[in-house]
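Novice: Chains as they are written, first to last, in the numbering used here: chain A, 16 to 108; chain B, 16 to 108.
2 protein chains.
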Amino acid sequence: MSYYVYIAIERKEAILDPQGKAIEHALSSLGFTSISNTRIGKLVRLKVEAASPDAARHIGEEAARKLLANAIMEEFSVIEVTDQPHLSVGAHA
Amino acid sequence: MSYYVYIAIERKEAILDPQGKAIEHALSSLGFTSISNTRIGKLVRLKVEAASPDAARHIGEEAARKLLANAIMEEFSVIEVTDQPHLSVGAHA
Chain A
16 MSYYVYIAIE RKEAILDPQG KAIEHALSSL GFTSISNTRI GKLVRLKVEA ASPDAARHIG
76 EEAARKLLAN AIMEEFSVIE VTDQPHLSVG AHA
Chain B
16 MSYYVYIAIE RKEAILDPQG KAIEHALSSL GFTSISNTRI GKLVRLKVEA ASPDAARHIG
76 EEAARKLLAN AIMEEFSVIE VTDQPHLSVG AHA
């Protein structure tokens with residue numbers, strides 16, 4: 016069966032995020048004064064053929080460990096395994 | 016109070032994702048033959064000063080609408096509002 020595995024990849028807290036800083040300044044210029052500490056990560060979606068959601072999650076974690084995430088600067092987590100091609104959390108806008 | 020608002024930004028299904036394609040090929044070379052249709056999105060974390068989680072979510076949605084997401088090519092969703100500086104979903108690795 017096919018599953019969609021969503022993997023969030025974020026820089027570790029101690030690592031500077033210049034892209035996030037740039038967005039923080041832009042938001043501040045637009046009047047979003049209540050926003051600070053903006054960080055940009057990656058959200059990878061893999062379509063995985065697997066026997067079960069757990070097996071799909073395992074394959075996704077392997078892929079993150081071996082290729083997608085840089086263990087020195089980043090940390091990753093599988094945030095969802097679903098049979099739908101979109102995240103179930105949050106309302107799409 | 017401070018909240019961390021996580022916003023997932025993905026290209027619309029109809030829009031090509033060359034970065035995703037590149038990763039798909041790399042994964043296939045590494046022997047991940049069960050993975051296909053790889054797509055890369057952004058995961059933005061904002062720290063928002065707001066009176067309630069709902070107010071923080073609203074500010075995050077406004078920021079996504081006005082700056083972070085390109086409504087023509089992308090869709091976004093607020094996937095989490097939390098008082099912790101990390102996603103609660105998924106186990107971090």
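For every residue, glycine included, the Cβ atom is placed at its ideal position computed from N, Cα and C.
1. So for K57 (chain B), helix, strand or coil by DSSP?
2. With a threshold of 8 Å between beta-carbons, can E89 (chain A) be considered close to chain B, or not?
3. Is K62 (chain A) helix, strand or coil by DSSP?
4. Within 10 Å of its beta-carbon, does I55 (chain B) have 16 or more other beta-carbons around it, so buried, or fewer, so exposed?
5. Based on DSSP bridge pairs, tell me the residues matched to E25 (chain A).
6. Tell me which residues of the segment 39-71 of chain A have at least one Cβ-Cβ distance to chain B shorter than 7 Å, keeping chain order.
7. Looking at the strands, I want to know which residues DSSP matches up with S44 (chain A).
8. Quick check: the Cα distance between V63 (chain A) and I94 (chain B), rounded to an integer number of angstroms?
9. Using alpha carbons as the reference points, say which of B:K81, B:T97, B:E25 and B:V96 lies closest to L45 (chain A).
10. Tell me the rounded alpha-carbon separation between T53 (chain B) and K27 (chain A).
11. When the Cα of E39 (chain B) is compared with those of A:E39, A:L42, A:L83 and A:S43, which residue comes out closest?
12. Go to R72 (chain B), then tell me how far its alpha helix (DSSP H) extends in each direction, as first and last residue.
Specialist: Reading from the atomic positions:
1. strand
2. no
3. strand
4. buried
5. A:E90
6. A41, L42, L45, F47, S49, I50, S51, N52, T53, R54, I55, G56, K57, L58, V59, R60, L61, K62, V63, E64 and A65
7. For S44 (chain A), which the question treats as bridged, DSSP gives no partner whatsoever.
8. 22 Å
9. B:K81
10. 24 Å
11. A:L83
12. P68 to A78
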